[in-house]
Amino acid sequence: MSAEIKNKIDSLTQELKEHTYRYYVLAQPTISDREFDQKLKDLETLEEAYPQYKDPNSPTSIVGGEVTKEFNTVRHDTPMLSLGNTYSKEELYDFDQRIKKLIGDDFEYTCELKFDGFAIGLKYREGKLVQALTRGDGVQGDDVTTNVKTIRSIPHLLVGNYPNEVEVRGEIFMHRKAFEKMNRDREASGEKPFANPRNSAAGTIKMQEQTEVAKRPLDAFLYQVIGDEKEFRTHGGSLEKAREWGLPVSNELRTVKTIEDVWGYIESWDEKRKELSFDIDGIVVKVNNFSLQHDLGFTAKSPRWAIAYKFETERASTRLESISYQVGRTGSITPVANLDPVLLLGTTVKRASLHNADVIAELDVRVGDIVYVEKGGEIIPKIVGINLDLRPQNAQTTEFIHVCPECGTELIRKEGEAAHYCPNESGCPPQIKGRVEHFISRKALDIDSLGEGKIGILYDSELVKNPADLYDLNFDQLVGLSKTIVNEETGESRLISFREKTAQKIVDGIVASKNIPFHRVLYGLGIRFVGSTVAKKLANHFKTIEALSVASFEELVAVDEIGEKIARSVLSFFAEDQNNDVIQRLKEAGLQMEAEKPEDLVSNVLDGKKIVVSGVFNTFSRGDLKKEIEKHGGKNVGSISAKTDFVLAGENMGPAKLAKAEKLGIAVISEDDFIAMING
Ligand SMILES: [Zn+2]
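Counting in numbering that gives the first Met the number 0, the sequence shown runs from 0 upward without gaps.
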């Protein structure tokens with residue numbers, strides 16, 4: 000019996016650690032918040048009953064999260080705790096009872112929207128934004144100041160009568176519309192879409208490239224002022240002040256007297272939240288008066304004077320009509336559930352992703368089942384369960400397909416991967432079309448005159464089977480080509496045909512693509528695991544397609560941030576004669592197969608030096624310093640290794656980085672040293 004309980008505690012602990020890591024560090028959760036909270040609660044209950052089996056590092060005793068490696072780690076002046084949360088009205092009323100027992104009933108609550116984003120702490124000194132820290136593990140977080148400075152609604156300078164030093168905390172988020180647009184762009188360029196706006200906000204703020212961050216439409220609301228309690232009497236009052244200093248504060252805060260009023264606020268927002276342009280996942284309830292907050296104090300994990308009420312994720316039930324299988328550009332097979340259309344969060348849902356064979360087996364989902372579908376901000380709804388009481392008697396166990404639905408080839412499953420693949424790369428229509436579609440996508444060759452299903456027409460007409468075929472097309476071949484396209488969602492069909500104007504646009508687009516820089520051509524080739532960032536790194540390092548095509552495994556992994564998986568994929572790509580033929584033809588067609596020489600090279604004083612920039616600087620911004628390094632022939636690298644030539648350190652460089660540099664005997668120089676260096 001006790002061994003069983005110990006096993007249960009161990010396995011829950013392991014599972015939650017994994018999910019915590021996925022949620023906070025990778026920003027890619029695989030289970031819903033609700034499931035996560037439930038598991039955490041189960042573990043807590045078991046640990047209370049059997050404390051002898053509790054892992055000292057149990058997920059129940061940490062706030063969650065871990066600090067990511069690439070940013071400087073900084074200690075929070077005041078720990079950044081998360082709030083206790085609940086999904087039940089009963090527990091909310093219990094919270095009210097606990098408070099009344101401690102401080103009587105002469106107090107007010109504030110009710111606020113709980114923004115579904117990414118927590119951040121901003122420090123202003125003499126009115127100037129000097130630091131932005133992520134929550135991290137609650138005790139120390141990542142310094143993401145440069146990234147946060149790209150968010151337009153966050154002021155770099157305060158106005159009015161602000162305190163000398165103040166920390167303001169809040170949430171960074173993405174508006175739903177902006178999120179949807181960004182995901183459409185990502186999908187168009189073959190990148191994995193983000194699951195929801197929260198993940199995309201979190202993923203963005205942890206990006207290493209500030210210019211990329213600036214392109215993402217992030218917004219923020221601030222909801223807590225940490226400062227001298229004597230200065231502000233109440234939480235609501237402190238936020239009023241913050242608004243006067245020019246900080247983005249929501250207008251929806253209400254002050255109420257009773258828990259019934261709190262409940263009224265919650266109910267009204269559970270309905271109204273769909274009308275907001277961004278996601279909220281609940282309501283935050285706080286005791287308004289700071290001295291009462293002080294009296295109530297904290298538990299080990301969270302304040303006693305606040306609670307977050309979380310909304311139920313909306314869920315619907317409907318019948319699973321059939322399962323179909325889609326073949327992607329890389330041959331991966333995705334099972335899709337076709338549903339009896341059902342309304343969910345205001346949109347009609349007809350399909351849900353079933354991810355892979357394991358998910359189907361785990362759910363034991365069968366055609367004819369009544370399934371539960373959840374959306375909760377995610378683009379593609381998912382099936383979260385089955386109503387077994389309503390299962391038809393003759394329902395058959397779902398057997399995953401064995402052959403490709405498009406070309407009939409037997410499917411394979413690679414070791415350690417969940418997906419099945421069709422290995423017929425050169426003969427499977429969706430793979431062939433998918434590769435050409437990837438080649439013309441926005442981040443690759445950007446031939447938008449070939450978008451909207453036109454590649455399918457060219458493929459059906461046997462004109463285009465690979466990217467190189469595009470460059471053999473001429474105007475006369477294109478005029479008059481046509482095809483009837485059926486929209487799978489609406490069932491409507493329409494005829495697409497190439498008129499003269501369309502044909503000319505296509506020809507012009509193809510010609511213009513010959514000026515697209517090498518790294519984008521490389522990305523367009525669609526080598527597995529070579530996304531646009533990796534393509535840039537490879538192009539900068541090897542300079543020419545020839546050099547890359549003959550690079551050895553050792554030479555590939557020696558490139559900063561290129562791992563074994565990518566290296567192996569590059570090697571196997573260039574091992575195929577077919578790929579080399581396509582490259583040869585693209586080269587002959589006049590595409591860019593060499594990296595451009597940097598035009599604005601000012602000097603060679605840093606020629607080939609690998610430099611890590613870390614910390615906050617006085618004269619230059621971090622971005623400008625990186626540009627200066629390149630202008631003088633140096634190379635920016637992300638992390639310290641034995642190959643690093645020196646570290647350019649500003650203020651607040653993380654102690655871990657400093658220790659690493661010392662251990663490896665790498666010189667650490669100041670901003671002034673650097674300026675002297677580049678000035679000869
Ligand atoms: Zn196939």
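All residues carry an ideal CB built from backbone N, CA and C; glycine is no exception. Note that the structure is predicted; figures quoted are calculated from it, not measured.
In its chain, beyond the 5 residues on either side, Pro516, Phe517 have a beta carbon closer than 8 angstroms to the beta carbon of glutamate 595.
The beta carbon of asparagine 423 sits closer than 7 angstroms to at least one heavy atom of ligand 1. When only Cα atoms are considered, valine 636 and leucine 343 end up about 46 angstroms apart. By the criterion of a C-beta distance shorter than 7 angstroms, glutamate 239 is surrounded by no residue of its chain, once the five residues flanking it on both sides are discounted.
The C-alpha of arginine 318 is placed about 33 angstroms away from the C-alpha of isoleucine 282.
Close CB contacts of valine 158 within its chain, under the 7 angstroms cut and outside five residues either way in sequence, are with Trp244, Gly245 (chain order).
The straight-line gap separating the alpha-carbon atoms of aspartate 142 and threonine 72 is approximately 6 angstroms. Annotated as distal: glutamate 107 and valine 212, with beta-carbon spacing of 8 angstroms or more. Around the beta carbon of glutamine 223, 16 or more other beta carbons sit within 10 angstroms, so the residue counts as buried.
In the structure shown, the three-state DSSP call for glutamate 230 is coil. Lys482 is the residue among Lys482, Thr501, Leu477 whose C-alpha sits nearest the C-alpha of leucine 494. The Cβ-Cβ distance between phenylalanine 310 and aspartate 278 does not fall below 8 angstroms. Within the DSSP secondary-structure output, proline 302 pairs in a beta bridge with Phe297.
For lysine 176, the secondary structure class from DSSP, reduced to helix, strand or coil, is helix.
In this structure, glutamate 373 sits away from arginine 434, with a CB-CB distance that is not shorter than 8 angstroms.
Put simply, of Ile322, Leu80, Gly327 the residue whose alpha carbon is nearest the alpha carbon of valine 335 is Ile322.
In the three-state reduction of the DSSP assignment, glycine 455 falls in the helix class, which pools H, G and I.
Residue range 428-439 is occupied by the alpha helix (DSSP H) that includes proline 428.
With a threshold of 16 other beta carbon atoms within 10 Å, histidine 419 meets it and is buried.
Straight across, the Cα-Cα distance linking glutamate 424 with threonine 643 is about 40 angstroms. Linking proline 391 to valine 370 through their CA atoms gives a straight-line distance of about 12 angstroms. Judged by the Cβ position, threonine 408 qualifies as a neighbour of ligand 1 at the 7 angstroms threshold, a heavy atom of the ligand being closer than this.
For valine 167, DSSP records a beta bridge to Leu121, Val224. Exposure of glutamate 461 is indicated by the presence of fewer than 16 other C-beta atoms within 10 angstroms of its C-beta.
Cβ-Cβ separation between valine 326 and asparagine 465: approximately 17 angstroms, too far for a contact (criterion under 8 angstroms).
In terms of side-chain proximity, the C-beta atom of cysteine 110 is found no nearer than 7 angstroms to any non-hydrogen atom of ligand 1. Taking a contact as a CB-CB distance under 8 angstroms, the pair alanine 351 and isoleucine 382 counts as one, their CB atoms being some 5 angstroms apart.
Remark: C-beta atoms of aspartate 623 and arginine 441 do not approach each other more closely than 8 angstroms. Not one heavy atom of ligand 1 falls within 7 angstroms of the beta-carbon of glutamate 3. Under the three-state reduction of DSSP, alanine 418 is assigned to coil, being neither helix nor strand. Looking at the DSSP output, glycine 664 shares a beta bridge with no other residue. Look at tyrosine 522 here: in three-state DSSP terms it is helix.
Pairing lysine 432 with tyrosine 458 gives a Cβ-Cβ distance under 8 angstroms. Contact between valine 284 and valine 261 is confirmed by a C-beta separation of about 5 angstroms, below the 8 angstroms threshold. Under a 10 Å Cβ-count criterion, lysine 535 is classified as buried, with 16 or more other Cβ atoms of the shown protein chains found around its own Cβ. Following the DSSP letters along the chain, one finds isoleucine 610 inside the beta strand (DSSP E) bounded by residues 609-613.
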